[in-house]
Structures are given as C-alpha cells and as structure tokens.
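Chemist: In the working numbering, the protein residues as written are 358 to 630.
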Amino acid sequence: MRPFPLDPSTRHIITTSTRYCEKCGDSWPDQKLFHCNKCRTTTCLRCQCLSGGGFHSHVQDCMVFPGNYLVGPPTASSRSETSQQPVISPRRGLSEPREEPFTNLQAQSWLHGRPEDDVYRLLIDSYRLHSYDKFQFEKENKLGSIFAGATDSAHDFSSYLSAAAGRPALLPQWWTRANHQDCVRMGLRHAQFHDLHVQLNQAMVVDYYRDASFPTQLRLFAEQVLGRPVIMRSCTPVLDKLALMEKELGDTACFEWKKYNKAFAIQKWPGRF
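1. Is Thr460 helix, strand or coil when you go by DSSP?
2. Have a look at Ala610 and Ser384 and give me their C-alpha separation to the nearest angstrom.
3. What's the C-alpha gap between Phe612 and Ala569?
4. In the structure shown, what three-state DSSP assignment does Arg449 receive?
5. Helix, strand or coil for Thr533 per DSSP?
6. Rounded to whole angstroms, what is the Cα-Cα separation between Arg576 and Ser446?
7. Check whether the segment 539-550 and the segment 475-490 are in contact - that is, three or more C-beta pairs closer than 8 Å.
8. Measuring only the C-alpha atoms, how far is Tyr377 from His537?
9. How would you call Thr573, buried or exposed, if buried means at least 16 neighbouring beta carbons within 10 angstroms?
10. Could you tell me which residues DSSP pairs with Ser384 in its beta bridges?
11. Alpha carbon to alpha carbon, how far is Lys615 from Lys499?
12. In this structure, does DSSP put Lys619 in helix, strand or coil?
13. On the premise that Val476 lies in contact with Pro525, defined as a C-beta separation below 8 Å, what is that separation, rounded to the nearest angstrom?
14. Taking the runs of the beta strand (DSSP E) that are 3 residues or longer, which of them lie wholly in the segment 539-610?
15. Check whether the segment 579-598 touches the segment 490-499, counting contact only when three or more Cβ pairs, one atom from each stretch, lie closer than 8 Å.
16. Need the endpoints of the alpha helix (DSSP H) that Ile481 sits in, please.
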C-alpha cells in the first residue's frame, strides 16, 4: 500500500542552514528538525510536542491568518478607506472573486454566475478539504482516494461531483457530464494548487486564498453536497449569522475567524460558537 501522503507544510528539513533545535540545542541527524516557513523557527519534534501538540499543531496556529485583513475587526480608518469598495472573497486564487459569499451559500447559489474554471477549482478544493477533515477527525480513508493509498483521489472525487449534480440547483445550469469530466481532469494536473494527488488542510486553504473565511465556505458547500458535516460538527449554525453580517456590515470581518478556525482545527469549541 502506498504510504499516507505527507502534508507539504510539515515535511522535516534535512538540508537547512540551521542544523540544531533553536529551543533545546539538539542537532540533526540525532533529532529530526522541522522548519516553519511562517515564523522562521527550526525546532525538533520533541520540543514541538512539549510546547503543545507537535509540529502540525504549530503550523495550524502559525498559519491561521497569513496576511489576511480578516484577522479581526478593521480599524475606523481602514473601514473608511474601503467603504466605497465591495468586499470580495477570496483575496487570491480565483479569476473572479465574489461579494457576500455566505449570503450566496445561504441561497445555495455559491457556484452560480462564476467562470467555469473557478467552479472547477471550488469543487476540487471543497472536496479535498472535506476529505482531509474526514481523515483527520474520523479516520475515514475512502477507497479511491489518496487517504486509502491511491495515487490520486479522482475516483472518489467523481462520486462527489455526482452527488453535487444530484442536488437541485446546487451546480450552475450549464453543468453537463462533459464538465464533470473536465473538472476531474483539472484535478489530475500536476504542478498546480487544485491537485487531487495532494491533501489539503485548513492552513493551506487560508495561505493560498488569503481569506480566513474560506475554509468555512468550502466546508459549508461540502455539507450542502453531501448532506452531512464532519464529526457531527456542522458549520451551518453560523451561516445565518454570517449572512446577516454581510447584509448589515458588508462583510464578516467582525467575526472571530482566528478563534473559529483554531477551534475547528483542534476540535475544542467555546460556547459562543
């Protein structure tokens, strides 16, 4: 069986200028070292575990909000500067980002009116994040996916597309079987982000799309496709609140995205969520 695919953000470093742990001083190769490209620290796995949860936990904490204006409520000056401009989502990664994504999710029209390639990208990444969550939190490794040892997840993704097509009006009106096949082919291309050969976690989504709200958007859409959340923790209860924020404030910057994303990553939920 093919080994479980490595998370690109957690690969250990064996060729680096820093060959010792910056916390305890142990050196490679006696200790396996890990380097974080965000905070530029190099530490051994033992110190990462002692500091709370291992390197994967560190990556989740460190990469929740790389450069995103949605880190927290905007200042008065930043709000006035952007008050005349629509707030679009995501900041990067799509050819035509959109306004009011949660309002569109509420209406189950999140994919409607988007360019064909953007629809493909969103379908691929909503599937990839959902599959990663299922493996991470439920230990599910469905046949036909990389989590069960397959080279790629094309077979399982094709089933996901069929489920989406079976939901009334969830996909754009122009969707056909040919689009289904084209979407799978896009996911099988190497050397691009939307790759069915590679797993996708929450931190990678935020880092690529530069949007703290985007993991929740992808998860909400996957729930609409499959009719069920991961580990019975649905994102749907916050959807009405987020759509109301968009209506009243124009965006969801006032939502506690950092705390919400971290709560999902470690599955410890404060009462306010």
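A virtual CB, placed ideally from N, CA and C, is assigned to each residue, including glycine.
Note that the structure is a prediction, hence the values are computed from the model and not measured.
Modeler: On the basis of the data shown:
1. Translated into the one-based positions of the sequence shown, residue 460 becomes position 103. Of the three classes helix, strand and coil, the one that applies to Thr460 here is helix, per DSSP.
2. One-based indexing of the sequence shown puts residue 610 at position 253. One-based indexing of the sequence shown puts residue 384 at position 27. Rounded to the nearest angstrom, the two C-alpha atoms are 43 Å apart.
3. Against the sequence shown, residue 612 aligns to sequence position 255. Against the sequence shown, residue 569 aligns to sequence position 212. Looking at the two C-alpha atoms, the distance is approximately 10 Å.
4. Numbered from its first residue, the sequence shown carries residue 449 at position 92. Note: Arg449 maps to coil in three-state DSSP.
5. Taking the first residue of the sequence shown as 1, we reach residue 533 at position 176. If DSSP states are grouped into helix, strand and coil, Thr533 belongs with coil.
6. Looking up residue 576 in the sequence shown gives position 219. Looking up residue 446 in the sequence shown gives position 89. Distance between the alpha carbons of Arg576 and Ser446 is about 15 Å.
7. yes
8. Here residue 377 refers to the residue found at position 20 of the sequence shown. Here residue 537 refers to the residue found at position 180 of the sequence shown. Looking at the two C-alpha atoms, the distance is approximately 49 Å.
9. Mapped onto the sequence shown, residue 573 falls at position 216. Result: buried.
10. As a position in the sequence shown, residue 384 is number 27, starting the count at 1. Answer is Tyr377.
11. As a working note, residue 615 is residue 258 in the sequence shown. As a working note, residue 499 is residue 142 in the sequence shown. Taking the straight line from one Cα to the other gives about 30 Å.
12. If you number the sequence shown from 1, residue 619 lands on position 262. Three-state result, Lys619: helix.
13. If you number the sequence shown from 1, residue 525 lands on position 168. If you number the sequence shown from 1, residue 476 lands on position 119. Rounded, the Cβ-Cβ distance is 17 Å, inconsistent with contact.
14. none
15. yes
16. On the sequence shown, position 124 is the one that residue 481 refers to. Where Ile481 is concerned, the enclosing alpha helix (DSSP H) stretches over 473-495.
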